[in-house]
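Residue numbers (my numbering), protein chains in the order written: chain A, 55 to 611; chain B, 55 to 611.
Protein chains: 2
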Amino acid sequence: MLKLSRTAVKNCKLLSVFKRSLTCSPNVRLSSSLLVSNCNSIKKTFTPINCAGSIRSYSNGPNAVKLTSEVYPNVHRNNHYKKLSSDDLEYFNSILSKQEIMYTGTGNNLQELDLYNEDWMKKYKGQSHLVLKPKSVEKISLILNYCNEEKLAVVPQGGNTDLVGASVPVFDEIILSLNNLNQIREFDPVSGILKCDAGVILENADNYLREHDHIFPLDLGAKGSCHVGGVCATNAGGLRLLRYGSLHGSVLGLEVVMPNGDIVSSMHSLRKDNTGYDLKQLFIGAEGTLGIITGVSILTQPKPQAINVSFLAVQNYEAVQKVFVKAKKELAEILSAFEFMDQRSIQLTKKHIEKDTPFPLEEEYPFYILIETSGSNKAHDDAKLETFLESAMESEIVIDGTIAQDETELQNLWKWREMIPESSQCQGGVYKYDVSLPLKDLYSLVEVVNKKLVEADLLGSAPKPVIAAVGYGHVGDGNLHLNVATRLYSKEIECTLEPFVYEYVSSKHGSISAEHGLGFQKKNYISYTKSEPEIKMMKDLKKHYDSNGIMNPYKFI
Amino acid sequence: MLKLSRTAVKNCKLLSVFKRSLTCSPNVRLSSSLLVSNCNSIKKTFTPINCAGSIRSYSNGPNAVKLTSEVYPNVHRNNHYKKLSSDDLEYFNSILSKQEIMYTGTGNNLQELDLYNEDWMKKYKGQSHLVLKPKSVEKISLILNYCNEEKLAVVPQGGNTDLVGASVPVFDEIILSLNNLNQIREFDPVSGILKCDAGVILENADNYLREHDHIFPLDLGAKGSCHVGGVCATNAGGLRLLRYGSLHGSVLGLEVVMPNGDIVSSMHSLRKDNTGYDLKQLFIGAEGTLGIITGVSILTQPKPQAINVSFLAVQNYEAVQKVFVKAKKELAEILSAFEFMDQRSIQLTKKHIEKDTPFPLEEEYPFYILIETSGSNKAHDDAKLETFLESAMESEIVIDGTIAQDETELQNLWKWREMIPESSQCQGGVYKYDVSLPLKDLYSLVEVVNKKLVEADLLGSAPKPVIAAVGYGHVGDGNLHLNVATRLYSKEIECTLEPFVYEYVSSKHGSISAEHGLGFQKKNYISYTKSEPEIKMMKDLKKHYDSNGIMNPYKFI
């Protein structure tokens, strides 16, 4: 790696001399499925999290996650929903093949459905006995129509990588998995428009596109497991939003099965269409509460020819903002990621990350920044980044830094950002808050939460329960991830953090969910971000389109 | 201007030698308000269109536009709507100042409201006696609440530059103008987020932003008149969509007054917010049929440091597509516009454009392309464009071309694209179709329409009524503008074109309205683009939120 230093900057030529060419392979960024960590693997493709410690402190046994209904005894099953009967099973068997149904029987042994009943964080667990995995949109239509008539509650499930308990049942809801709806439908290399089934894994879609010189306009850590339909249903943001914008802009059409079984499709190949209300927008971010997304038409982006990654150190959060403004201006059209991490994030990650990923800087600093550029001309991008870094170091905004010189180094730098969520969780548990705040106030939340935890005598060495409250995230999007790493889950920690965090975010006119959604975790807190008239309109919509309330109940609003 | 030639290309150095530096002023692109043409000016700021000829062939007198109700006798006033009474006027006078009300009295003399009753194309004319121009959101809320209770129909009106008759009344609807709601609320140069009233003129917003090193993420010919709220209400696309994406992505929040007077606001400063359904999306492109947009929060873009414009000639439409694919790949992140024009567009424009705007090429060609690049480094952009053009000419895809060498030349090149709409209209009238089509089929519509007009014996020299059917538009967005320039409006031409054009677009899975919306003109044709379930959902929404149907009636769906 090329280390940056003020000496190097003073002799500007040095930078150019040291710089080696970096050729860009199809997969320049680390995919979560490639991560190797200290943890044992739980799921086939997703970042492993079965860590030592008490992450399953709600458990009945050493490997059991406690049921959501036991952890939240105030949430009751709505008896408006019918319980699954043998007639229902008979119907599902009549329209689906054996490969499309998983049923545990009526006993208490739900283990074979654990992967479907439990969320990725092992924080929520439902009690569904039935998973349906239909292979066609028409079958989904038949299923929903039947469930609606019979008042059987349904949870749509994509890759089940949700972080707010939205993709697993709370009680005995039927799980409707999109796993078997996983075909690329078509791709037009001239317009860059991709049409695919909702169940296509994001990484598979991206790999397919890369073979055709394009990329998916969204990237995130869970790409090895999450579905294209799932990222739309949750309006995922991720690492490329700064460059390619939100899914509300890039999704061109959706195919959706409504609760009554109607198939509503706007799966066209058009970048512009102003004929009537843009209905598809309602389903982007609705977390499967209005209908099930079964197909996606999306504008993809040309594959960048060159990628650079730089890892920088700054003295304080004010400097983070200064570097961001400077990068927006000087790197402008080639800036593709601007991530920041605080010292505590990196300290946690150091304990957890594999030993063959050396920390890129010699010393520790209060804040770190990862900048990625993507462009069509390597020499131009190098020159822009070099000029930018020289001036940032000369003016002493940036105090230390390094630039990746090959793909391995590039991946290693990304790893220091991408391993933070896992590192926060691996020592017991984690309380995750994903919030939007005006940029100037972004980091203040981490500071007040640390203060609050100290005052409550919860933060410190064992046996105190909280290890650290760390902050990192997508500065470019005003999106902070506050992770409170704990040695165990406890109501005392939860009550110290909530609703305090939501109240603080609300007082700064932020959003209590920047990209993770509401799900089960935040459904009671929407009023911290949304006004009464807005919530009323949402309830109206939900009631209007899902009058029997069968879609993903106990969540959202 | 720097002329491109294959000789120049063969001796590559020549290009570099000839190239002079082009410094970029704050207003590099031609604003419509600066256009000077052969026409007399009608409105203060918008492109003049009061041309000689029979554009007002529906007129009762030399300067009168015929009433919509007379031209479309099958459309009847809905007597469910109350007629304006003295009590109503008394109420409006009680909440508004004199500057906020224009009332003609009950007589037939509507002239003083012509600017509000007539659309920009002089094709539609309503009969409203009352224009309300409230200065606050609260007053708009009171007005709508009253109108809803009293069943008084309302037409929201921004800059009144709509092209499908959406912004003027059909009968006696009250016009609610946003003209007096025109303040910038705040701008944050760090995040680039602008909040403003809906009635701010687009060009004013853009000028304000340029003073703060930013630009509005949308540009269009009507910028001198159209309102920020209006472009959101119509989901305008314009010239920068290729680069900055659609308003569904860049609008971060809206303040909307609902038909019952409720003020629903999501005017936050957040780039990401996943708490509940994204309600604001419903109002983007709804043409004021669900509520009135009164405030807009939008992500703006850093002002480019360098802009290049090149005007190229190619032999056929296939070559247009080839150049587009090549430009997307090689100009990639700096490509900010890719417009095409056919030979007939330019021939029409040559007759109309002022004499101090020489045609940039020596010969005529079947197709022309205008490429704009915007970036942060002039030298890099020049190098990219140069390499791109050299290879395009060497491979003989591009057969002639020129690059602007200073701002005047740059504006002149843009003029050849921007004057086409006006030129199509100035000899009598124009039938405008703004459609989306898959790229490969985009130009075929112009060919079949010309064929159809010849077969109907309508196209040719006077006295035949049609001068030419020309095609141009935003290739980057799959958006074709088909303009049928006529010597007069006639039912024979209209019946030859409609529904033929819509049927053809539908057969190619296109959209009958790419960016202009449905309005009055296309309301009956939505089923050519949208399916029954979609239309049903839209009608549901309309009924749900505007149960008395007071918002912009006789339009949309």
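Idealized CB from N, CA, C, for every residue including glycine.
For clarity, every value in this text was computed on a predicted model and none was experimentally measured.
- When beta bridges are read from the DSSP output, SER428 of chain B appears opposite B:ILE361.
- Judged by DSSP in its simplified three-state form, HIS266 of chain A adopts coil rather than helix or strand.
- Among the residues facing chain A, ASP495 of chain B is not included, as its CB has no counterpart in that chain under 8 angstroms away.
- Chain-ordered, the chain A residues with CB closer than 8 angstroms to the CB of MET592 of chain B read GLY330, TYR331, LEU333.
- ALA568 of chain B is positioned such that its CB atom lies no closer than 8 angstroms to that of ASP495 of chain B.
- DSSP places ASP251 of chain B inside the beta strand (DSSP E), whose first and last residues are 247–251.
- The Cβ atoms of LEU184 of chain B and ILE149 of chain B do not sit closer than 8 angstroms to each other.
- Taken in chain order, the members of the stretch 370–394 of chain B whose beta-carbon sits within less than 8 angstroms of a beta-carbon on chain A are GLN375, PHE378, VAL379, LYS382, LYS383, GLU384, LEU385, ALA386, GLU387, ILE388.
- Burial is judged here by how many other beta carbons sit within 10 angstroms of a residue's own beta carbon; ASN431 of chain A has at least 16 and is buried.
- Below 8 angstroms, enough C-beta pairs join the stretch 281–298 of chain B and the stretch 344–362 of chain B to call them touching: three or more.
- Of all residues in the stretch 553–583 of chain B, only HIS563, GLY564, SER565, ILE566, SER567, ALA568, GLU569, HIS570, GLY571, LEU572, ILE580, THR583 come within less than 7 angstroms of chain A when Cβ atoms are compared, listed by chain position.
- Short of 7 angstroms from the beta carbon of LYS334 of chain B, and not among the five residues preceding or following it, lie these beta carbons of its own chain, in chain order: VAL305, GLY307, LEU308, SER320.
- A distance below 8 angstroms separates the beta carbons of HIS598 of chain B and ASP594 of chain A.
- The alpha-carbon of PHE337 of chain B is positioned some 33 angstroms away from that of SER477 of chain B.
- The beta carbons of PRO223 of chain A and GLN181 of chain A sit about 7 angstroms from each other, so the pair counts as a contact at 8 angstroms.
- The continuous beta strand (DSSP E) containing ILE317 of chain A extends over residues 317–319.
- Within the stretch 228–257 of chain B, those residues whose Cβ lies closer than 8 angstroms to any Cβ of chain A are, in chain order, ASP242, PRO243, VAL244, SER245, GLY246.
- The beta carbon of HIS130 of chain A sits no closer than 8 angstroms to any beta carbon of chain B.
- Among the residues of the stretch 512–527 of chain A, none has a Cβ less than 8 angstroms away from any Cβ of chain B.
- Collapsing the DSSP output to three states places ARG294 of chain B in coil.
- Annotation: GLY571 of chain B to TYR582 of chain B spans about 14 angstroms, alpha carbon to alpha carbon.
- According to the DSSP assignment, LEU353 of chain B belongs to the beta strand (DSSP E) that extends over 346–353.
- Going by C-alpha positions, ASP327 of chain B is about 26 angstroms away from TYR126 of chain A.
- When Cβ-Cβ separations below 8 angstroms define contact, ASP460 of chain A makes no contact with chain B.
- Between ALA367 of chain A and the set A:ILE400, A:LYS177, A:GLU408, A:LYS152, the nearest pair of CA atoms involves A:ILE400.
- Not a single CB atom of chain A sits nearer than 8 angstroms to the CB of GLY284 of chain B.
- In the structure shown, the three-state DSSP call for GLU417 of chain A is coil.
- Of all C-beta pairs linking the stretch 382–392 of chain B to the stretch 436–452 of chain B, three or more are shorter than 8 angstroms, placing the two stretches in contact.
- Proximity to ASN233 of chain B across B:LEU169, B:ILE269, B:VAL555 peaks at B:LEU169, based on C-alpha coordinates.
- DSSP places PHE392 of chain B inside the beta strand (DSSP E), whose first and last residues are 389–396.
- At a cut-off of 8 angstroms between C-beta atoms, ARG471 of chain B does not count as an interface residue with respect to chain A.
- Taking the Cβ atoms as the reference, GLY315 of chain A lies roughly 3 angstroms from ASN199 of chain A, within the contact range of under 8 angstroms.
- For a Cβ distance threshold of 7 angstroms, residue set ASP332 of chain B lies close to ILE338 of chain A, ordered along the chain.
- Of all residues in the stretch 206–218 of chain B, none is placed with a Cβ closer than 7 angstroms to any Cβ belonging to chain A.
- With 16 or more neighbouring CB atoms inside 10 Å of its own CB, PHE442 of chain B falls in the buried class.
- Taking a Cβ-Cβ threshold of 8 angstroms, the residues of chain B close to ASP327 of chain A are SER490, SER565, SER567, ALA568, THR583, in chain order.
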